[in-house]
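Data first, discussion second: the structure below is written as structure tokens.
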Amino acid sequence: MTTLYTSDHEWLRIEGDVATIGITDYAQSQLGDVVFVELPKVGRSLKKAEAAAVVESVKAASDVYAPITGEVIEVNEDLAAEPALVNSDAGGKAWFFKLRIADKSELGGLMDEAAYAAHTA
Amino acid sequence: MRAHENSPLKQTPLHALHLARGAKMVPFAGYDMPVQYTAGVLKEHLHTRKDAGLFDVSHMGQLVLKAKSGKVGDAALALEKLVPQDIVGIAPGRQRYAQFTNNDGGLLDDLMVANFGDHLFLVVNAACKEEDEAHLRANLSDACEIVSLADRALIALQGPKAESALAKLCADVSSMKFMDAGPRRVADIDCFVSRSGYTGEDGFEISVPADKAEALVTALLDNPDVLPIGLGARDSLRLEAGLCLYGHDIDTTTTPVEGALEWSVQKVRRNSGARAGGFPGADKILAQFADGAARRRVGLRPDGRAPVREGAPLFADATSAEPIGKVTSGGFGPSLNAPVAMGYLPTALSAVGTTVFAEVRGQRLPLKVAATPFVPNTYKR
């Protein structure tokens, strides 16, 4: 299992041909208290860089972009009931959606943990 | 509104204190202002409703209007040339909400006017303060002296424990009622105190000399009931209280009637009042008092949990192509644990309970017209 990161502060956990995607702890700390999360529909095909989800704090709405191309195979329904999970466990329980990876070569453009740590330093 | 983006940001006398308290700073109306502290918007909002919050609003404009005759009544009569409110009727030691109107009946700014006995004390919005001062000078200089109090800070202390917190520094405040205003000694500092604010809570606004502001704020923050609150929670608090934000919910294109601010225009300035009219745009505004206006500001409650934000177009139903209005303020109300908004609708669709639709990210979301304030206010009347 590998965890990769985007410059837009998303994380991807890669297991076989499935990527689980969420936003980083750094991202949630910048957003502040999350009050609403809108997730993509299961079965939707997302292109890399397409707006896939929306996370709203008290003050503002932010898009979450698909970091890679793929089909949505599962979304985290817990976030609808408890958006504050994004603040309390961004890297774990507050995953957003799972994609079936269309093109593994797209993973090559993403950062590993050390590179992401340098990116946010 | 004035574009300040190209000039360097100004700082309030409390800037260093904000940084020391871990504030996240943002540009606002030309000032570097705290949007939140380490607690975050949600906790700051809820703390203000439960205990007490302290806000730095020193970016706002503070002005003195003094009649050359020396009579406060002459200053009041002069100001009535620029606002549709009854200023003459503000008793000494009292304050009233007002608006500067333009010749089309639109609003140049909204403001507070207090009668300090021998002069009027005005508090105006930060983004409009230079224009407001110029407007006063251009129109009232023959009868009045206009003094900008740029050397004073302004803080707001809001919430159910505001009175007990301020009473430790000024015994006199407990006897004040909502909209009482005047000079008071607070922590041995010469201040102007009004029992008012912008959160829907009981509370006070305190004008303090700039060089004493940090000492006063530090004394207030020594009380564990009082937390510093940023502009983020100030916005969510005022939105839940149904209070207008100038430049968003009201502006030069909205009249007091369209803005649902009829309550703020006293009968004496309306048709058949003793001092009816006589302010810019009076023809249009008084005609709207008689005949109604085509559109009206309303409170809106989205059905779901998704916030509907400023700028979202409003539609009569789920499919129609033509918008009928738009959202002017919207977000999440932490005390309601639900989204809240305000916007303009055709008057025929402005009744409480009417369902309309907002377009958000290509989807039509239902909202209901709702009474404001969304959260009941707790003013000490």
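The listed protein sequences correspond, in order, to chains A and B. Those letters in the first sequence? Residues 5 to 125, by my numbering. Those letters in the second sequence? Residues 2 to 382, by my numbering. Quick reminder that beta carbons are idealized off the backbone N, C-alpha and C, glycines included.
- With its beta carbon at least 8 angstroms from every one in chain B, lysine 51(A) lies outside the interface.
- Collapsing the DSSP output to three states places isoleucine 286(B) in a helix.
- For phenylalanine 40(A), the neighbours in chain B by C-beta distance under 9 angstroms run, in chain order, Gly305, Arg306, Ala307, Pro308, Phe333, Pro340.
- For alanine 65(A), the neighbours in chain B by C-beta distance under 8 angstroms run, in chain order, Pro308, Arg310.
- When C-beta distances to chain A are compared with 8 angstroms, the residues of the stretch 40–62 of chain B below that value are Gly41, Val42, Leu43, Lys44, His46, in chain order.
- Of the residues Asp110(B), Val148(B), Val114(B), the one whose Cα lies closest to the Cα of aspartate 133(B) is Asp110(B).
- Residues of the same chain with a CB within less than 8 angstroms of the CB of valine 46(A), apart from the 5 flanking positions on each side, are Val76, Ile77, Glu78, Val79 in chain order.
- Below 8 angstroms, enough C-beta pairs join the stretch 19–39 of chain B and the stretch 48–67 of chain B to call them touching: three or more.
- The C-beta distance from asparagine 103(B) to proline 281(B) rounds to 5 angstroms, short enough to fall under 8 angstroms.
- Ranked by Cα distance from threonine 49(B), the first of Glu164(B), Leu78(B), Ala17(B), Glu131(B) is Glu164(B).
- One Cα belongs to proline 9(B), the other to arginine 17(A), and the distance between them is close to 43 angstroms.
- By a beta-carbon distance limit of 8 angstroms, valine 39(A) contacts phenylalanine 333(B). Their separation comes to about 4 angstroms.
- Proximity of glycine 106(B) to chain A, defined by a Cβ-Cβ separation below 8 angstroms, is not satisfied.
- Taking 8 angstroms as the threshold, the shortest C-beta distance from glutamine 37(B) to chain A falls below it.
- Contact check for alanine 359(B) against leucine 366(B) passes: the beta carbons are separated by less than 8 angstroms.
- Not one beta carbon of chain A lies nearer than 8 angstroms to the beta carbon of serine 336(B).
- Counting along the chain, the unbroken alpha helix (DSSP H) around aspartate 133(B) starts and ends at 130–141.
- In the structure shown, alanine 216(B) adopts helical secondary structure according to DSSP, grouped into three states.
- Out of Asp21(A), Gly20(A), Tyr30(A), Ile25(A), the CA that lies nearest to the CA of histidine 123(A) is found in Tyr30(A).
- Identification of residues in the stretch 21–46 of chain A having a C-beta nearer than 8 angstroms to some C-beta of chain B yields Gly36, Asp37, Val39, Phe40, Glu42, given in sequence order.
- Between alanine 342(B) and leucine 368(B), the C-beta gap is smaller than 8 angstroms, which places the two residues in contact.
- At a C-beta separation below 9 angstroms, serine 237(B) has these neighbours in chain A: Val62, Lys63.
- Less than 8 angstroms divides the Cβ of glutamate 45(B) from the Cβ of isoleucine 230(B).
- A straight line joining the alpha-carbon of proline 93(B) with that of proline 161(B) spans about 26 angstroms.
- When the five nearest sequence neighbours on each side are left out, the beta carbons in the same chain lying within less than 8 angstroms of the beta carbon of glycine 71(B) are those of Asp119, in order along the chain.
- For lysine 102(A), the enclosing beta strand (DSSP E) begins and ends at 101–105.
- Residues of the stretch 212–236 of chain B that bring their beta carbon within less than 7 angstroms of a beta carbon in chain A comprise Gly233, in sequence order.
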